[in-house]
Structure formats: structure tokens, C-alpha cells
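J.: Following this message is one structure expressed as C-alpha cells.
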Amino acid sequence: MIRLCSFCLSLALGSGPLLPKGEDFDSVIDGVSPDIGKWASVCLVEGSKTKPSFKWFHYRDSAKAVNFWPASTIKIYTVVAALELLNELEMPLNSIVIFERKHEGEWLLDTSRTMPEMVSEIFRRSSNEDYTLLLRMVGIDRINTRFLTGSRGFPGSALMRGYVRNRPYLYIRTEPQRITVRTLAGQSKTIEHTWSGRSYSRERGATVLSETTGNCTSTRELAECLRRILFHEHLPEEDRYHLTGEQLAFLREGREGLTGLRNTKGFVAESAREIFPKATFYHKAGLISTYSLDLAYVDDSTQSGKRYLISIAANSGKDTTVKAMSRAIAAWVMGSSDSGQLF
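And the structure:
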């Protein structure tokens, strides 16, 4: 027998989304925009705050599928990889990063940005310029061989291109790059790199835009990245990113007017609030002419007790499908027991 809370009952009787009645996860997603291609991964977070456990659900082949354009959601990868590089260089979060490129044998200065500004702009306005700079900072070879690897949860992900075509941000892969990281006190460290020419996207199954120079990932891998950021302290050592407590706090919450992952906006938040009106949301969305996506964590532990990670994509440049997917998934989560079954 299905039991509805008063809030869910009001949704069922009104114009809001209906609570699923015994449907499995595939059926929930199948019912949304049947003629549009969709991908979805959800991870229910169970257990206590200090000892969480995780239960995964994937729509059809979404656990491995990389046959969609990931748009701005993958910017979160460059943020984590750049912070890890900063730690490897033993430089603080507040460092200034200076970008140069080699042209006809000479190093040309392009621009400089502080690390907190670049990270914040990724989450505040999904900055294409700062995403491209972070990719330049880390380099195509390093991000694909040191960060986006199977052992770190990314068997199907590859980043091969920036998202701007204009100077001073443009990243031409064949140009040598020189990156200088400097502290406010004047300490500096410099690295240089040039792309090897290796096509990581081809190796990892990219099919959209370009199989050799396209970006690709799966909804599972996006959700896994967010899981490792938000639950860092509760994961085995081998599953943790090489981030400091200061960096994790900044990534999650932002600080002093700068933006982190926590945000009340986003496709998931706008629709899931109908089910979880007092939840806390962390997210990174993406939208282009042919795809819409959102990656989010919904924490309603203080009200319904529900917590879940959600990564969704639709082959549509309109946000209506991903919002409908989010709404349907939120209702499904509300109706799930701790075992992941509906009651």
C-alpha cells in the first residue's frame, strides 16, 4: 500500500508532479519527454551524517554513456584539477596565476587571474573564459592522465578543448604554455607544458561534435565528482581528491562574496523545490543549443530526511525536459524507502 505524506498528497491532487506508484527508475525517466534523448544518474545518500552510504541508480545505459555534449557541467573537473595542481606546487588558494604562450620563439603575456576569482566565476556565471584558463593552467595531458582516469572515477571522461575563441583566454592546443603561480608575498613557481597530440576523447569514446577533440563524460562520472567533493571527509583515503580543508569549504560554500557550489538557482533546484521546499542545493548546470544538463546535490535531511546526488542531461536546448526529469526524480526519491524501494 502506498502511503503519501500530506505534501505529496496535495501534489497528487493538484497540478504538481505525481508520486510514482511502484515504478522503477527507468520508468520514471521514460515518462518524461518520451521523444527526447535523456541520460540520468542518481545516488541516494543514506545512513547518518558521519557515516553515509550510497546507492546508485542509472537510467538505461547512463552509467557508461558518453554520447552527449556535457557543456558547462564539466567545468567542475578543471576546478578540482587546478586546485590539486596548486597543492602539488605548495601554493596557497589565494595565489595569482599568470598565463603566457609561446609564439614565434617568444613568450607573450596573455592575462592573470587569482585562483579564487576563477573558481568563483565558474560557479557564479559559468565563465567560459575562466574554464578555458583553468584548462590552460592544468594542460590537456595532465588533466587527462593525472585526474580524469579510471582509478579516480573517470573511465569515460576526456577534456580536449576550451570554450572561447578570443584572446587573451584562447587555448590553442599546439601552443606551448607557461604558467606562473605567485603569492601575494611574491613567492612564485613556474610550469611549462605543450600538448602531446594524444586524443584522449577518441580513446574514451567521444562521439559528439568531434571524436578526436571533443569533451566527453557520463552522468555517473559527473555525480561521482560531486560526491567526492561533498563527502570528502567520509570517503576512503584512496577516493579523496588531493584538496585541503580550506579548498573544500570554498568549493562547497564560497566565501566573502565569492561563489561556490551552494546555490538556490539551477534547473534541479527550481523543480525539486516543489517536493523539497526547504532543501539545500549544490549544483553546476550546463545549457547549449542542443543539450541541457544539471549536476546537483539535494540535501533535505532536516525535513524529509532525504539526500541525493543527481546528474541529468537531455538532448534539447530548452530547460523544460531537465526540469521535468528533476521533478519526477524528486517525487521518486520522496517515495523511496531506505532500501531504495517505494512503499
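Okay, so the sequence shown: first residue is 0 according to numbering that gives the first Met the number 0, each after it adds one. Cβ coordinates follow ideal geometry from the N, Cα and C atoms, glycine included.
State the Cα-Cα distance for the pair L84 and G213, rounded to the nearest angstrom.
T.: Taking the first residue of the sequence shown as position 1, residue 84 is located at position 85. Taking the first residue of the sequence shown as position 1, residue 213 is located at position 214. Spanning the two alpha carbons is a distance of roughly 23 Å.
J.: According to the Cβ coordinates, are R226 and C215 closer than 8 Å?
T.: For this step, residue 226 is matched to residue 227 along the sequence shown. For this step, residue 215 is matched to residue 216 along the sequence shown. In this structure, C215 does not lie closer than 8 Å to R226 by Cβ.
J.: Rounded C-beta distance between R54 and C42? I'm assuming under 8 Å.
T.: Along the sequence shown, read from residue 1 onward, the residue named residue 54 stands at position 55. Along the sequence shown, read from residue 1 onward, the residue named residue 42 stands at position 43. At residue 54 the sequence reads Lys, which differs from the Arg that was named. Indeed they touch by this definition, with Cβ atoms about 7 Å apart.
J.: Run through the stretch 251–289 for me and flag every whole alpha helix (DSSP H) of 4 or more residues, listed as ranges in chain order.
T.: Segments of the alpha helix (DSSP H) lying fully in the stretch 251–289: 266–271.
J.: Taking DSSP's pairing of strands, which residues face F56 in a bridge?
T.: By one-based count along the sequence shown, residue 56 stands at place 57. Its beta-bridge partners are V41.
J.: Here's a check: name, in chain order, each residue in its chain whose Cβ is nearer than 6 Å to the Cβ of V321, leaving out the five neighbours to either side.
T.: As a working note, residue 321 is residue 322 in the sequence shown. Same-chain partners within the cutoff: F266, S291, D293, I311 and A313.
J.: Report buried or exposed for S26, applying the criterion of at least 16 other Cβ atoms within 10 angstroms of its Cβ.
T.: As a first step, residue 26 is located in the sequence shown; it is residue number 27 there, counting from the start. Flag for S26 reads exposed.
J.: Since H183 and N86 are thought to touch, with beta carbons under 8 Å apart, how far apart are those beta carbons, to the nearest angstrom?
T.: If you number the sequence shown from 1, residue 183 lands on position 184. If you number the sequence shown from 1, residue 86 lands on position 87. The sequence as given places Leu at residue 183; His does not occur at that position. Between N86 and L183 the Cβ distance is about 18 Å, and since that is not below 8 Å, they are no contact.
J.: Kindly indicate the opening and closing residues of the alpha helix (DSSP H) around L221.
T.: Reading the sequence shown from its first residue, position 222 is the one you call residue 221. L221 -> alpha helix (DSSP H) spans T218 to L229.
J.: Please report the distance separating the alpha-carbon of S52 from that of N165.
T.: The count along the sequence shown starts at 1 and reaches residue 52 at position 53. The count along the sequence shown starts at 1 and reaches residue 165 at position 166. Roughly 45 Å separates the two Cα atoms.
J.: What is the DSSP secondary structure of K63, reduced to helix, strand or coil?
T.: As a position in the sequence shown, residue 63 is number 64, starting the count at 1. It is coil, neither helix nor strand.
J.: On a Cα-Cα basis, can you pick out the residue from S156, I178 and T279 that is closest to C224?
T.: Counting from one through the sequence shown, the residue named residue 224 turns up at place 225. Selected option, being the one with the closest Cα: S156.
J.: Can you tell me which of P154, L133 and I95 puts its alpha carbon nearest to the alpha carbon of Y76?
T.: On the sequence shown, position 77 is the one that residue 76 refers to. Among P154, L133 and I95, the Cα nearest to that of Y76 belongs to L133.
J.: Ordered along the chain, which non-local residues of its own chain (more than five positions away) have a Cβ less than 8 Å from that of P175?
T.: What you label residue 175 is simply residue 176 of the sequence shown in a count that begins at 1. Counting only Cβ-Cβ distances below 8 Å, and skipping sequence neighbours, we find R100, K101, E191, H192 and T193.
J.: Between V96 and S119, which are expected to be in contact by the criterion C-beta below 8 Å, what is the C-beta distance as a whole number of angstroms?
T.: Within the sequence shown, residue 96 is the residue found at index 97, counting from 1. Within the sequence shown, residue 119 is the residue found at index 120, counting from 1. With a Cβ gap of about 14 Å, V96 and S119 do not count as contacting.
J.: Would you grab the beta carbon distance between F326 and A284 for me? Rounded to a whole angstrom, and I think it's under 8 Å.
T.: To locate residue 326, count along the sequence shown from 1; it is residue 327. To locate residue 284, count along the sequence shown from 1; it is residue 285. In the sequence as presented, Phe is not what sits at residue 326; that position holds Arg. Not a contact, Cβ separation roughly 15 Å.
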